[in-house]
Amino acid sequence: MKTTYREAMREAIRDALTTDERVFLMGEDVGRYGGCFGVSLGLLEEFGPERVRDTPLSESAFVGAGIGAAMAGMRPIVEIMTVNFSMLALDQILNNAATLRHMSGGQLGVPLVIRMTTGAGRQLAAQHSHSLEGWYAHIPGLRVLAPATIEDARGMLPSALDDPDPVLIFEHGSLYNMAGELADDAGPVDIDRAAIRRHGRDLTLITYGGTLPTALAAADELAVDGVHAEVIDLRSLRPLDEHTVLESVATTHRAVIVDEGWRSGSLAAEVSARIAEQALYELDAPVRRVCSAEVPMPYAKHLEDAALPQVADIVVAGRAVTG
Amino acid sequence: MKTTYREAMREAIRDALTTDERVFLMGEDVGRYGGCFGVSLGLLEEFGPERVRDTPLSESAFVGAGIGAAMAGMRPIVEIMTVNFSMLALDQILNNAATLRHMSGGQLGVPLVIRMTTGAGRQLAAQHSHSLEGWYAHIPGLRVLAPATIEDARGMLPSALDDPDPVLIFEHGSLYNMAGELADDAGPVDIDRAAIRRHGRDLTLITYGGTLPTALAAADELAVDGVHAEVIDLRSLRPLDEHTVLESVATTHRAVIVDEGWRSGSLAAEVSARIAEQALYELDAPVRRVCSAEVPMPYAKHLEDAALPQVADIVVAGRAVTG
Amino acid sequence: MTELEAKLRTELLTGMVRIRRFEERCVELYSASKIRGFMHLYIGEEAVAAGLLRALGPEDAVVSTYREHGLALARGLGMDVLLAEMFGKRTGCSRGRGGSMHIFDASRRFYGGNAIVGGGLPLAVGLALADRMRDRPAVTACLFGDGAVAEGEFHECMNLAALWRLPVMFCCENNRYAMGTALSREHAETDLALRASSYGMRSWAVDGMDVELVADAARRAADTVRAGAGPCFLELRTYRFRAHSLYDPDRYRDKAEIERWKERDPITQLAARMRADGQLDDTVLAEIDADVAAELDRAVAAAEEAPLEPVEDLTRHVYADRG
Amino acid sequence: MTELEAKLRTELLTGMVRIRRFEERCVELYSASKIRGFMHLYIGEEAVAAGLLRALGPEDAVVSTYREHGLALARGLGMDVLLAEMFGKRTGCSRGRGGSMHIFDASRRFYGGNAIVGGGLPLAVGLALADRMRDRPAVTACLFGDGAVAEGEFHECMNLAALWRLPVMFCCENNRYAMGTALSREHAETDLALRASSYGMRSWAVDGMDVELVADAARRAADTVRAGAGPCFLELRTYRFRAHSLYDPDRYRDKAEIERWKERDPITQLAARMRADGQLDDTVLAEIDADVAAELDRAVAAAEEAPLEPVEDLTRHVYADRG
Ligand SMILES: Cc1ncc(C[n+]2csc(CCOP(=O)(O)OP(=O)(O)O)c2C)c(N)n1
Ligand SMILES: Cc1ncc(C[n+]2csc(CCOP(=O)(O)OP(=O)(O)O)c2C)c(N)n1
Ligand SMILES: [Mg+2]
Ligand SMILES: [Mg+2]
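Chains as they are written, first to last, in our numbering: chain A, 1 to 323; chain B, 1 to 323; chain C, 1 to 323; chain D, 1 to 323.
So, in structure tokens, the structure goes:
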């Protein structure tokens, strides 16, 4: 059927609420408002205020409440409106969700799913344009997912809910309106492996989430002058499926990583380091990273565009490593 | 004179309070208690409660208050007891301290210094053993320092206070009792450059903060069987002085990075990536990282030791890249 | 009714009309895609800005939220620098880096423009702390919404300001909604002034639709704070006539409710009162409208023609320019 | 005085003596370096744990802080699993991963053991939410100190629990100090029960040195909460006789103050009352002491001999074991 990333996400939530009574959705404006990006529109009417639960502006409290509820047998889906506000709940995620199982010697578990929107590109300026999923990918005890396709928007949530440990799902704001086909029987997807979204022999483009469309567009352009890029969608940021990445680099011998995070200390740095540490002798050119400029995101369109990874930047990097 | 890292830090604070009336120290238990690690012992008696200011347990409020006071012309030194609690103030640091100058088009400035203890090694378990300075080093608008010597404990604070922008200083808990000589006229130090703490031609060991002594000990052991390691103390984690690192690698052609942070997404990953991206053809062996195991820090001594970078681990890595 | 009182009323009326017309034009410009990103309108709440800021002098400070056009204008910023900012132009108050949510004017001690709910409160505490420590007789007015009262930061800042008896005027713009969440679903106790009094500070509620009552309450509040009585809390009961932002379909409110509140439109209320007292007639009103329209036309034209910040300056103002 | 009341008193007395002796032994074991890391003693506060937890049944839940030995014992955990945990042994309740600050027992719904001040409160809200959603008649007792009341998380959780009328007993162990910071320097309004009532929940203060008053208040509180009246707040006015932790030189308190409070020692108070009522004599007391001593000796011996968790299991329990 024809659908959108937003609708696929909504369908995933609806399905979970329908099939598992332990599941509930909780967050700011998920109910009456329908979700600040409209993802949960209509679910309050369908499932009622107990299971589609509007919260006050209290990120630390309701994320922590999700952790507590998960420990007590529920399967909460907590929505943090955007990653920008998740700093207020980071202590709960780092020091409780990710830690309780280990700290208790395996007695406790936190089967919690936290969804949040990430990324820039809509002129929302410095405080509303962060891409901090790389930070979360640093935390042992968490799983971190970044659906970049409609299939993954539909399928990652049920898989995350099946996981006995806390899973964070980062939805890039620029993807919600992405339209496309989805199989009528679409359901859970594998959340361990990266996916090759385009095959190519000359160069490996590695990315995830909101920059997948950008990387694919760059691959098209590169193809025009005969450079065939393989495009890898990491999908899972923690754990990282380095196997798929290394396998590809072993055939292309060249890699460019595209990541909307600030360059220094980005997830792209980890990927770059792993490639060079484990496939040094496979590399015919230094790995390159195409990341965001290291500035708080400016509001003005021309400055924001200049700060973010663009197709042209990826093409330049691709030519550089293959040229 | 003979002194300790702790006393050098205290002397730096005392000197700043004495010479600049805009300076004040603020944080939990910095006054009556004398600082949870005794750094500010005696300063309340010397400077009074207005300038050595005990705060309630309100990390976000007092860190943000430091930002506001800095904007209004003061030079606050805010102490967050440990990095573990700084998550509660991260929103203020990321979205205000690091952002206000840019977001205001250069109108505002935040000449603030934030000090915090970091690191593990004292069996304090999962919630009290974080090394998250790498996260802060990801944030444009901040400067991030890690004094690893008595000179730097004495000299980095005045230099940070002279800086017009927010500076974070990470003091590793294992260093406070480190004793040594300090020149009587010791004062501000350069905070832009890394320092070579030991010269060597066979291999470059790159580290900072609490693992500098570990790396130096490893260098001693390696020297025994004729492997001469150059040891670089990064000192500034943001900006990174990659020049010094690359220069060293250009002569040794081998690098091992030692970092107490969890391996994936560590600061070490950024250093490793930069080396391989900019000095690929200089490398005679893949760069290696010696980091913490990816687990919440366990309490039991034998498990904590196993989780943290040890001299033996560095020696093994050093032999591997040179062997 | 003295001359003076008549003059004051005319100024209050003009102040409110300026805000109303400014934002009505902003909506047009947004539809014309001249303004982008998030834009939050103050329409309906003009009495709060116009009334409150009359009580402040140039030495005082103001901290606000993303819904700050009205406060910026009332604080004396020109329509030209505001519009240029929203156009993303170099002549904007924040050189186009901030946009609608990040209006700053250091020369007027207007400290934004903060887009993290509750994020401005600690800054206000710090500004007041600095003024107190430098023996400046200034007052800091801190504005935030009813939703912000649920954030932990509110609590920490109220306690800290009260504990240290700092000159802060906490001004809660209670417009009864946090995005789509009604007051009664945000707070267990919806009498916010009562809540505030539990911190041991003077707090009272004011009809925020009556600019004269607001101005009067603000003067009393500023006087007590300036006199050294410590902070106080004003709950300004108001209502936004428009949606939360231009992204908001406004599905969560009963249209009849909006209409009821519009009957208390602060502009028509004051205008009627002035007419009854023979202080206003159609000619005067026409003059005011004409002046405002002219100012607006000039501002729009100027913003249209203004240059963009050069892309080369993208990374400028992340750190202080170094000479 | 009925038989039953006499029996209850003996149980309360025994419960307090067990805690007191246990911790006295812990101090010796700490000096002998058998226990490491941070250790926070409950000595002086025993009436709170012994009195409170009598009101709870096995279906109820408990969330506590790093100062939780007393609560763990009162909840029925054995001295053996606690000591083994502090020895870092595999037989410890958290397999040696948690230590003194992280005592857990899932089977008794004892959810720690949280070392981030305020960090446990959201968990309690979530546990209560889950119990409510699953129609379990359980009550969650959430313990925290006077210092935690200054954290934003306290505020968020009080509001959330009250707004949703969740079955939480907020129990503030007000021992008048947050580390070295006295109550009056933490809070503008030091009547914490009064503060709590501003959230519209029942709150009252109790003499935390009188175990019978605590038990009585706890029963009333648990009954109202279980009856569905929503959360309530108990301020337990108590005092710690020892330093904050074994790292604390305790410089900030007047020794005379400590002595005054020791006159209200909860154990001697109850013992005296029982003697006066002919319910206690030296033989009975000797028996109690002997039993406790024997239990302790067995626990110490067992902990001594217990095996360590194998180092190979370092990374176990970070994620659920996968079959
Ligand atoms: C910490 C945080 N959480 C969520 C948001 C998203 N958000 C922006 S405005 C808003 C509602 C705030 O309501 P209120 O404080 O009453 O101010 P109002 O918009 O009504 O003026 C929300 C939820 C945010 N900006 N910051
Ligand atoms: C968020 C946070 N800030 C600071 C600390 C360091 N710290 C540990 S206990 C403590 C005092 C807490 O006092 P209180 O809440 O009254 O509990 P008490 O220790 O008196 O039982 C502090 C400051 C911490 N653990 N967590
Ligand atoms: Mg509002
Ligand atoms: Mg206390």
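Ideal placement from N, C-alpha and C gives every residue a C-beta, glycine not left out. All figures in this text were calculated on a predicted structure; none of them were measured in a lab.
Which two residues bound the contiguous beta strand (DSSP E) that contains Glu181(B)?
Residue numbering aside, residue 181(B) sits at position 181 when the second sequence is read from its first letter. That run of the beta strand (DSSP E) goes Ala179 to Glu181.
Cβ of Arg136(B) versus every heavy atom of ligand 4: is any distance shorter than 7 Å?
Position 136 of the second sequence holds residue 136(B). Per the sequence shown, residue 136(B) should be read as Tyr rather than Arg. Not so, every heavy atom of ligand 4 lies at least 7 Å from the Cβ.
Is there a Cβ from chain D that is less than 8 Å from the Cβ of Arg195(C)?
Residue numbering aside, residue 195(C) sits at position 195 when the third sequence is read from its first letter. Interface residue, yes.
Please classify Met179(C): does DSSP put it in a helix, a strand, or coil?
Within the third sequence, numbered from 1, the residue matching residue 179(C) stands at position 179. Coil.
Are the C-beta atoms of Ser184(C) and some chain B residue less than 8 Å apart?
Residue 184(C) sits at position 184 when you count from the first residue of the third sequence. No - not a single Cβ of chain B is within 8 Å of the one on Ser184(C).
Between Asp15(B) and Gly34(B), what straight-line distance do the alpha-carbon atoms span, to the nearest angstrom?
Within the second sequence, numbered from 1, the residue matching residue 15(B) stands at position 15. Within the second sequence, numbered from 1, the residue matching residue 34(B) stands at position 34. Asp15(B) and Gly34(B): Cα-Cα distance of roughly 17 Å.
Reduced DSSP category for His172(A) - H, G, I as helix; E, B as strand; rest coil
Residue mapping note: residue 172(A) aligns to position 172 of the first sequence, counting from 1. DSSP places His172(A) in strand when its eight states are reduced to three.
If you draw a straight line from the C-alpha of Ala303(D) to the C-alpha of Trp164(C), how long is it?
Position 303 of the fourth sequence, counted from the start, is the residue given in the question as residue 303(D). Position 164 of the third sequence, counted from the start, is the residue given in the question as residue 164(C). If you take the alpha carbons of Ala303(D) and Trp164(C), they lie about 49 Å apart.
What is the residue span of the beta strand (DSSP E) that Val338(B) lies within?
The question about residue 338(B) has no answer, for chain B in this structure spans 1 to 323.
Cβ neighbour criterion (16 or more within 10 Å) applied to His199(A)
By one-based count along the first sequence, residue 199(A) stands at place 199. Exposed, because fewer than 16 other Cβ atoms sit within 10 Å of the Cβ of His199(A).
When DSSP labels each residue in this structure, what does Ile257(B) get in the three-state scheme?
For this step, residue 257(B) is matched to residue 257 along the second sequence. Note: Ile257(B) maps to strand in three-state DSSP.
Please classify Met81(B): does DSSP put it in a helix, a strand, or coil?
In the second sequence, residue 81(B) corresponds to position 81, counting from 1. Note: Met81(B) maps to strand in three-state DSSP.
Starting from Thr118(A), follow its DSSP beta bridges and name the residues at the other end.
Mapped onto the first sequence, residue 118(A) falls at position 118. DSSP, once it has assigned bridges, lists His172(A) as partnering Thr118(A).
DSSP state of Cys172(D), grouped into three classes?
Taking the fourth sequence and counting its residues from 1, one reaches residue 172(D) at position 172. If DSSP states are grouped into helix, strand and coil, Cys172(D) belongs with the strands.
Beta strand (DSSP E) runs contained entirely in the region 40 to 83 of chain A, provided each spans 3 or more residues
52 to 54 and 75 to 82
Compute the Euclidean distance between the alpha carbons of Ala50(D) and Val258(A), then round it to the nearest angstrom.
Taking the first residue of the fourth sequence as position 1, residue 50(D) is located at position 50. Taking the first residue of the first sequence as position 1, residue 258(A) is located at position 258. The alpha-carbon atoms of Ala50(D) and Val258(A) are separated by roughly 58 Å.
Tell whether a beta-carbon distance below 8 Å holds between Val149(D) and Met169(D).
In the fourth sequence, the residue the question calls residue 149(D) occupies position 149. In the fourth sequence, the residue the question calls residue 169(D) occupies position 169. In this structure, Met169(D) does not lie closer than 8 Å to Val149(D) by Cβ.
Mind listing the chain A neighbours of Ile35(D)? Cutoff is C-beta to C-beta under 7 Å, in chain order.
Sequence index remark: in the fourth sequence, residue 35(D) carries index 35 (1-based). Under the 7 Å cutoff, chain A gives no residues; its nearest Cβ is about 17 Å from Ile35(D).
Would you please state the rounded distance, in angstroms, between the beta carbons of Arg115(B) and Glu171(B)? I believe it to be under 8 Å.
Locating residue 115(B) in the second sequence gives position 115, counting from the first residue. Locating residue 171(B) in the second sequence gives position 171, counting from the first residue. With a Cβ gap of about 6 Å, Arg115(B) and Glu171(B) count as contacting.
How many Å lie between Leu57(A) and Gly147(C) at the Cα?
In the first sequence, counting from the first residue as 1, residue 57(A) sits at position 57. In the third sequence, counting from the first residue as 1, residue 147(C) sits at position 147. Rounded to whole angstroms, Leu57(A) to Gly147(C) spans 6 Å at the Cα level.
Distance between Ala276(B) and Leu90(B) (C-alpha atoms, nearest Å)
For this step, residue 90(B) is matched to residue 90 along the second sequence. For this step, residue 276(B) is matched to residue 276 along the second sequence. Taking the straight line from one Cα to the other gives about 31 Å.
Between Asn175(C) and ligand 2, is there a pair consisting of the residue's CB and a ligand heavy atom that are separated by less than 7 Å?
As a working note, residue 175(C) is residue 175 in the third sequence. Because no heavy atom of ligand 2 lies under 7 Å away, the Cβ of Asn175(C) does not count as near it: no.
Considering only heavy atoms of ligand 4, does any lie closer than 7 Å to the CB of Gly180(D)?
Translated into positions along the fourth sequence, residue 180(D) becomes position 180. Checking the Cβ of Gly180(D) against ligand 4 gives no.
According to DSSP, which residues form a beta bridge with Leu234(D)?
Residue 234(D) sits at position 234 when you count from the first residue of the fourth sequence. Cys171(D) and Trp204(D).
Based on the DSSP secondary-structure assignment, which residues constitute the bridge partners of Asp105(C)?
Working through the third sequence from its first residue, we reach residue 105(C) at position 105. For Asp105(C), which the question treats as bridged, DSSP gives the partners Phe110(C).
Hey, does Ser131(A) have any beta-carbon neighbour from chain C nearer than 8 Å?
The residue you call residue 131(A) lines up with position 131 of the first sequence. No, Ser131(A) does not count as interfacial toward chain C.
Looking only at C-alpha atoms, which of Ala106(D), Arg242(D) and Arg54(D) sits nearest to Leu8(D)?
Mapped onto the fourth sequence, residue 8(D) falls at position 8. It is Arg54(D).
DSSP has Arg14(A) in a bridge; who is on the other side?
Counting from 1 along the first sequence, the entry for residue 14(A) is found at position 14. BP columns for Arg14(A) are empty, so no partner.
Give every residue of the same chain whose Cβ lies closer than 6 Å to the Cβ of Arg242(C), excluding the five residues on either side of it in the sequence, and list them in chain order.
As a position in the third sequence, residue 242(C) is number 242, starting the count at 1. Hits under 6 Å: Leu41 and Ile43.
Since Leu127(C) meets chain B, which of its residues come closer than 9 Å, beta carbon to beta carbon?
For this step, residue 127(C) is matched to residue 127 along the third sequence. Ordered by position in chain B, the residues that pass the 9 Å Cβ test against Leu127(C) are Ala65, Gly68, Ala69, Met71 and Ala72.
With a threshold of 7 Å (Cβ to nearest heavy atom), would Gly356(C) be considered close to ligand 3?
Examination of residue 356(C) is not possible in this model, given that chain C is present from 1 through 323 alone.
Per-residue burial, Arg288(A) [other beta carbons within 10 Å of its own, 16 or more giving buried]
The residue you call residue 288(A) lines up with position 288 of the first sequence. Arg288(A) is buried by the Cβ-count criterion.
Residue burial classification, Pro307(C) (beta-carbon count within 10 angstroms, cutoff 16)
Taking the third sequence and counting its residues from 1, the one referred to as residue 307(C) is at position 307. It counts as exposed.
Between which residues of its own chain and Gln123(A) is the CB-CB distance below 8 Å, once the five residues before and five after are set aside?
Working through the first sequence from its first residue, we reach residue 123(A) at position 123. Cβ within range, chain order: Tyr299, Ala300, Lys301 and Glu304.
Relative to the C-alpha of Val48(D), which candidate in Ala74(D), Thr268(D) and Ser31(D) has its C-alpha closest?
Residue mapping note: residue 48(D) aligns to position 48 of the fourth sequence, counting from 1. It is Ala74(D).
With the cut-off set at 8 Å, would you say Glu270(A) and Gly31(B) are in Cβ contact?
In the first sequence, the residue the question calls residue 270(A) occupies position 270. In the second sequence, the residue the question calls residue 31(B) occupies position 31. In this structure, Gly31(B) does not lie closer than 8 Å to Glu270(A) by Cβ.
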